[in-house]
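Residue numbers are given in my numbering: position 175 of the sequence shown equals residue 173, and the series is strictly consecutive.
The structure appears right after this line, and notes come after that.
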Amino acid sequence: MDNIRLNVALLRRKVPNLTIAAKSIGIRPATVSNLCTGKIDLGKAEVRTLVGLASLANCSIDELIIRGEKLNMIETQIKTLDFFAPLVKGGTTGIVARPGMGQVVILAELMHRFKDSDLTTVFLLPKGSHPELEGTTELADIVTTTINETYSTLTSQNGEVIFITDKSYIVSGELLDLQEKLVAERVQNVTTILVDLSGEVVDEDMPYGPLETLWQLDADLASRHQYPAVHPIYSTSSILEGIDLDQRHFNLRQRAQKLLRRYRELRSVVAVHGKEKIPAAEVETYQRGERLEAYFTQPFFVAESVTGQKGKTVALSQTLQDVEAILDGKADQLSIDELKYSGSLT
-1 MDNIRLNVAL LRRKVPNLTI AAKSIGIRPA TVSNLCTGKI DLGKAEVRTL VGLASLANCS
59 IDELIIRGEK LNMIETQIKT LDFFAPLVKG GTTGIVARPG MGQVVILAEL MHRFKDSDLT
119 TVFLLPKGSH PELEGTTELA DIVTTTINET YSTLTSQNGE VIFITDKSYI VSGELLDLQE
179 KLVAERVQNV TTILVDLSGE VVDEDMPYGP LETLWQLDAD LASRHQYPAV HPIYSTSSIL
239 EGIDLDQRHF NLRQRAQKLL RRYRELRSVV AVHGKEKIPA AEVETYQRGE RLEAYFTQPF
299 FVAESVTGQK GKTVALSQTL QDVEAILDGK ADQLSIDELK YSGSLT
């Protein structure tokens, strides 16, 4: 299949209420979401789905499909994000989580890490009072309070920008207006990260509209204090379609997800019956899954005063090497405690 992908930016701009619109013509919101993030290869999409989306966007199928354009990732050096759901440069990322699962801490950590890069972070404050953001917004390079102020700020930046804001601006329609203005001005250096401080996104279909990257947080990981609590199966990115991803990374991610999916199934058995009920042939799978899950925990710089642990950065190249070692059994001698919040294996 040629290098093709869905024109997510066009869909986002032309069909602001895509969930309702898709349902109205018989297309499941989950299908649209999976096509946007690359979970479903566009080459495998049904013709009627593409025709339906083109009709909603009032465009041709040719306009709906992007050919030959390569996506690039912004490396965060947060293991679980870079490995399972890379941040797409110039795209839109949505965080799906309930309050208390760590999404605000992830935002704070990203802004902290980007301070040492050539990226400028811009945080548009949500309306009303949000005490949970105390100490977080101060980490942004620029804080804005209105859409107009944000527009002026974004259009005046020469370098790459990380723009962070709340879902409330999607609901009001103001974010769509902002994005249309940026498109009209040919502003292409903005990577958007969306959160929902209310936590209502967990119960909605495509709450943010079309996304290039989805970071879904996991209540089970959060309840066991395995942070960042990023769901390794449900989190995804359009950069993972294979055409834009290093083949080694693509293969390792598939292997890791297969292992973690089975490990999670075995965990439910252990929770009820204990480890002794794991079939002998599955013990190795369980233990390696447990190690891999522990490996993806990571100390954050912004949480040092709370955890007493120094923040760690791990380059993606090192993460790939470490994951391969765990999958191949080369880390079987390491205990879970040695892997938890340890950064890299070396």
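Virtual Cβ for every residue (Gly too), placed ideally from N, Cα, C.
Original post:
In terms of alpha-carbon separation, which member of 26, 282, 301 and 312 lies closest to residue 330?
Top reply: 282
Original post:
Where residue 177 and residue 9 are concerned, what is the direct C-alpha to C-alpha distance, given to the nearest angstrom?
Top reply: 12 angstroms
**OP:** Please confirm if the segment 189 to 207 is in contact with the segment 90 to 97, defined as three or more CB-CB distances below 8 angstroms between the two stretches.
**Re:** yes
Original post:
Hey, residue 216 and residue 228: beta-carbon distance below 8 angstroms or not?
Top reply: yes
Subject >> Separation of residue 287 from residue 220, as counted between CA atoms >> reply: 17 angstroms
**OP:** Would you mind reading off the limits of the beta strand (DSSP E) that contains residue 212?
**Re:** 211 to 214
Original post:
How many Å lie between residue 90 and residue 163 at the Cα?
Top reply: 11 angstroms
**OP:** Within the segment 120 to 158, note down every full beta strand (DSSP E) run reaching 3 residues or more, in order along the chain.
**Re:** 140 to 142
Original post:
Span of the beta strand (DSSP E) holding residue 314?
Top reply: Careful: residue 314 lies outside any beta strand (DSSP E), inside the alpha helix (DSSP H) at 314 to 325.
Original post:
Got a sec? Which residues, its chain only, sit under 6 angstroms from residue 81 by beta carbon, not counting five neighbours each side?
Top reply: 317
Original post:
Looking only at C-alpha atoms, which of 243, 309 and 11 sits nearest to residue 54?
Top reply: 11
**OP:** May I have the straight-line CA-CA distance separating residue 5 from residue 30, to the nearest angstrom?
**Re:** 12 angstroms
Subject >> Nearest neighbour of residue 159, chosen from 25, 339, 300 and 112 [CA to CA] >> reply: 112
Original post:
Looking at C-beta atoms only, is the number of pairs between the segment 178 to 198 and the segment 261 to 272 that lie closer than 8 angstroms three or more?
Top reply: no
**OP:** Go ahead and pull the three-state DSSP assignment for residue 299.
**Re:** helix
Subject >> Beta-carbon proximity list for residue 313, same chain, < 8 angstroms, skipping 5 on both sides >> reply: 73 and 75
Original post:
Mind checking residue 87: buried by the 16 CB within 10 Å criterion, or exposed?
Top reply: buried
Original post:
Would a C-beta distance cut-off of 8 angstroms place residue 212 and residue 78 closer than the cut-off?
Top reply: no
Original post:
What are the partner residues of residue 192, as DSSP defines its beta bridges?
Top reply: 92 and 163
Original post:
By Cβ distance, which residues of its chain are closer than 6 angstroms to residue 37, with the 5 residues on each side in sequence left out?
Top reply: 234
**OP:** Give every residue of the same chain whose Cβ lies closer than 6 angstroms to the Cβ of residue 140, excluding the five residues on either side of it in the sequence, and list them in chain order.
**Re:** 120 and 151
Subject >> Nearest-angstrom Cα separation, counted from residue 272 out to residue 192 >> reply: 40 angstroms
**OP:** Please check the pair residue 232 and residue 295, which I expect to be a contact at CB under 8 angstroms, by giving their CB distance rounded to whole angstroms.
**Re:** Going by Cβ atoms, the distance from residue 232 to residue 295 rounds to 18 angstroms, so no, they are not a contact pair.
Subject >> Three-way DSSP call (helix, strand, coil) for residue 47 in this model >> reply: helix
Original post:
Helix or strand or just coil, what does DSSP make of residue 259?
Top reply: helix
Subject >> Same chain only: Cβ atoms within 7 angstroms of residue 110, ignoring 5 sequence neighbours per side >> reply: 137, 299 and 300
Original post:
According to DSSP, what are the bridge partners of residue 71?
Top reply: 86
**OP:** Within its chain, find whatever has a CB closer than 7 angstroms to the CB of residue 292; leave out the 5 residues flanking it on each side and keep chain order.
**Re:** 334, 337 and 338
Original post:
If we ignore side chains and look at the alpha-carbon of each, how far apart do residue 148 and residue 279 end up?
Top reply: 57 angstroms
Original post:
What separation, rounded to the nearest whole angstrom, lies between the Cα atoms of residue 20 and residue 344?
Top reply: 48 angstroms
Subject >> Terminal residues of the alpha helix (DSSP H) in which residue 180 lies >> reply: 172 to 182
Original post:
Using a Cβ-Cβ cut-off of 8 angstroms (strictly less than) and excluding sequence neighbours within five positions of residue 247, which residues of its own chain qualify?
Top reply: 81, 314 and 318
Subject >> residue 3, DSSP secondary structure in three states >> reply: strand
**OP:** Could you spell out the range, first to last residue, of the beta strand (DSSP E) harbouring residue 18?
**Re:** Not the beta strand (DSSP E): residue 18 falls in the alpha helix (DSSP H), residues 16 to 22.
Original post:
residue 254 and residue 173 look like a contact to me (Cβ under 8 angstroms); what is the Cβ gap, rounded to whole Å?
Top reply: Between residue 173 and residue 254 the Cβ distance is about 34 angstroms, and since that is not below 8 angstroms, they are no contact.
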